[in-house]
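Protein chains in written order, with the numbering used here: chain E, 1 to 261; chain U, 1001 to 1359.
Report on one structure; see the data block that follows.
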Ligand SMILES: Nc1ncnc2c1ncn2[C@@H]1O[C@H](COP(=O)(O)OP(=O)(O)OP(=O)(O)O)[C@@H](O)[C@H]1O
Ligand SMILES: [Mg+2]
């Protein structure tokens, strides 16, 4: 348990400032402000349709917020520029797994190295020494990441042929390949059995142990409360509470939000 | 790298046999007349074009129905810079890069407004673009005569390297080569170059980014690929290949007119890519060769076949030819929807880089 390791002294990594987003009449996010500190595992929970995924999409530049914005490592994130968010150090997985299905598992992770490498078409056409060296490094790093998430034996299989659990792991490996400061996982335990969830938990703790901050959307309340340093609760697009699990668990509004949903 | 193993037979014997076959082919074909050598030349030119389009459609997944426009730009660039039309006669090492650059610019021009479009919408816009280019070629003869309109441009210079011209007969090492035969060897050399470049691109950082966009554009964005730039690069690269092919076409024919760049040509090249096996280089080559040769083979085969079967020619060979051709396309797509030679599904654990493993 990490309830009392609340790292309030740690520097702020990401600050959401009154982020708002609506789809027609649906207010998916209502002025949500929250702060994620370096090195913590931060949980984002809430009933279905509360706006969790929308928050991810705004943060990673896939949606343009209608109001507010994000500071990352002290400087604002550019809206509508997912590639820049990735370059700044934000990586994510998707609630409905989005892999490059007809590419091998290894290639999927190699694509994750794109943002940290440079080779262009000219280098590739002439197969220059620099390109070859970079390519070898990409391959080596990708392979190491497949080992890290424990699916190295599937390296040459097409991503679409992997099992569900393996695909979730592959998505995490691909995200890690971008060398993120903040890794955002959208319901990584969805559809997993107890054993797989346990393994996932170890993996997430390992990633945090390596110094990467983790933002976790999860419906499995037990997993969130056991794993996270701090938890934020969204309901109908609004932030209900942001605190350590022990406090969140016993908050009357949270209990209502979940029971009332 | 696994693709390479599929394309190239593992043994040097195999490579040797293919080399010998490629060298002997124009001589064997010439016994049936130079027309057959010309057909082979066009087949190789189509291989070239199909591989260029494969970058856009097969790798990046952008459905481009106006690809012939870049071929047209390359052809007209050559025609204008090496013919009596403007009295310019630039050397090949200048025109080909200029043609490729012009086509590349055209590719970016087409690419930039279409970056947000996908699938069917992109197909419609590119189709329109192809037609616009053709219509321009058709009408840019007034008020200033640039393209000479529908009459096209004639007396275009052949490819010349130093004093060596690729037109007409010449004798090398006691061997007499016809014009088409010389172009054949030039085209084979160019095609090999294009194949190597394609293989390298496909297994490169940018090639993977193209494939990632094809597979899932949102995920590609989320891992940090600037999809706008990378897509433009695909258009530009594909267009450059088209431009080079167009230049060689103009030089080989000695004549260009807008007629050669109709929509059906774009459709044909796309059909080569799809029928062969999208994104799989050996498949694309196979598709291009088959579709380039089949209509010609039918042209010469349909009438004699009817003679043989019925004792007389019952159906007009020309219409029967296209009927059989269309039927062949339908049948292939019905029974081999992924193409005649699709990319092999990579199986269980293997050496991630078999090439090095063998060495
Ligand atoms: N692209 C969109 N267009 C229209 N409405 C959307 C869009 N994305 C989300 N919404 C709406 O915004 C609200 C919040 O959705 P969101 O997906 O963020 O919820 P969530 O908290 O992730 O839910 P879940 O736990 O089911 O994944 C929902 O009412 C949803 O229908
Ligand atoms: Mg969600």
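Glycine is no exception: its CB is placed at the ideal position from the N, C-alpha and C atoms.
None of the values given here were measured: they were computed from a predicted structure.
query	result
Bridge-paired residues (DSSP) for residue 230 of chain E	E:42
Cutoff 7 Å: residue 1281 of chain U Cβ touching any chain E Cβ	no
Local Cβ density within 10 Å of residue 1343 of chain U, reported as buried at 16 or more and exposed below that	buried
Proximity of residue 115 of chain E and residue 1224 of chain U at Cβ, strictly below 7 Å	yes
Proximity of residue 74 of chain E and residue 18 of chain E at Cβ, strictly below 7 Å	no
Cβ-heavy atom distance, residue 52 of chain E to ligand 2, below 6 Å	yes
Run of the alpha helix (DSSP H) containing residue 166 of chain E, from where it starts to where it stops	164-176
Contact with chain E by residue 1216 of chain U, beta-carbon distance below 7 Å	yes
Inter-stretch contact (C-beta, 8 Å, three-pair minimum) for the stretch 1269-1282 of chain U and the stretch 1245-1258 of chain U	no
Contact set between residue 62 of chain E and chain U, taken where Cβ atoms lie within less than 8 Å	1218, 1221, 1222
Chain-order list of residues whose beta-carbon lies under 7 Å from that of residue 1029 of chain U (same chain, five-residue window excluded)	1036, 1037, 1040
CA nearest to the CA of residue 43 of chain E, picked from E:213, E:253, E:256, E:257	E:213
Whole-angstrom distance between residue 53 of chain E and residue 217 of chain E, CA atom to CA atom	8 Å
Residues near residue 1072 of chain U in its chain [Cβ-Cβ closer than 7 Å; skip 5 each side]	1133, 1134, 1137, 1246, 1261
Spatial neighbours of residue 1053 of chain U in its chain, beta-carbon cut-off 7 Å, leaving aside the 5 residues before and after	1064, 1067, 1238, 1269, 1270, 1273
Selection of the stretch 106-121 of chain E by Cβ proximity to chain U, strictly under 7 Å	106, 107, 110, 111, 112, 114, 115, 117, 119, 120, 121
Beta strand (DSSP E) segment containing residue 70 of chain E, residue limits	67-72
Cβ shell of residue 1049 of chain U (< 7 Å), same chain only, five flanking positions each side left out	1071, 1242, 1245, 1269
C-alpha distance - residue 1199 of chain U paired with residue 1213 of chain U, whole-angstrom precision	18 Å
Residue closest to residue 1032 of chain U, alpha-carbon to alpha-carbon, out of U:1304, U:1146, U:1300, U:1290	U:1300
Span separating the alpha-carbon of residue 1288 of chain U from that of residue 1122 of chain U	23 Å
Under 7 Å by beta carbon: chain A residues contacting residue 174 of chain E	Of the chains in the structure shown, none is chain A; the protein chains are E and U.
The stretch 62-82 of chain E: positions lying closer than 7 Å to chain U by Cβ	62, 82
Where the alpha helix (DSSP H) containing residue 1266 of chain U begins and where it ends	1263-1276
Inter-stretch contact at 8 Å, needing at least 3 Cβ pairs: the stretch 19-33 of chain E / the stretch 234-242 of chain E	yes
Residue 1093 of chain U burial status per 10 Å Cβ neighbour count (16 or more: buried)	exposed
Any non-hydrogen atom of ligand 1 within 6 Å of residue 1021 of chain U CB	no
Beta-carbon proximity of residue 180 of chain E to residue 89 of chain E, cut-off 7 Å	yes
CB contact below 7 Å: residue 1100 of chain U versus chain E	no
beta-carbon residue 315 of chain E near ligand 1 non-hydrogen atom, thresh 6 Å	Here chain E has residues from 1 to 261 only, and residue 315 of chain E is not among them.
Beta carbon of residue 272 of chain E nearer than 7 Å to that of residue 72 of chain E	In this structure chain E extends from 1 to 261, so residue 272 of chain E is not present and cannot be described.
Euclidean distance between Cα positions of residue 1340 of chain U and residue 95 of chain E	36 Å
Inside the stretch 233-258 of chain E only - beta strand (DSSP E) runs reaching at least 3 residues	238-243
Contact list for residue 23 of chain E against chain U, beta-carbon separation under 8 Å	The premise fails here: residue 23 of chain E is roughly 17 Å from chain U at the closest Cβ pair, so nothing lies under 8 Å.
Given 8 Å, three or more beta-carbon pairs between the stretch 1124-1131 of chain U and the stretch 1082-1098 of chain U	no
Chain E within 7 Å of residue 1256 of chain U, Cβ atoms only	no
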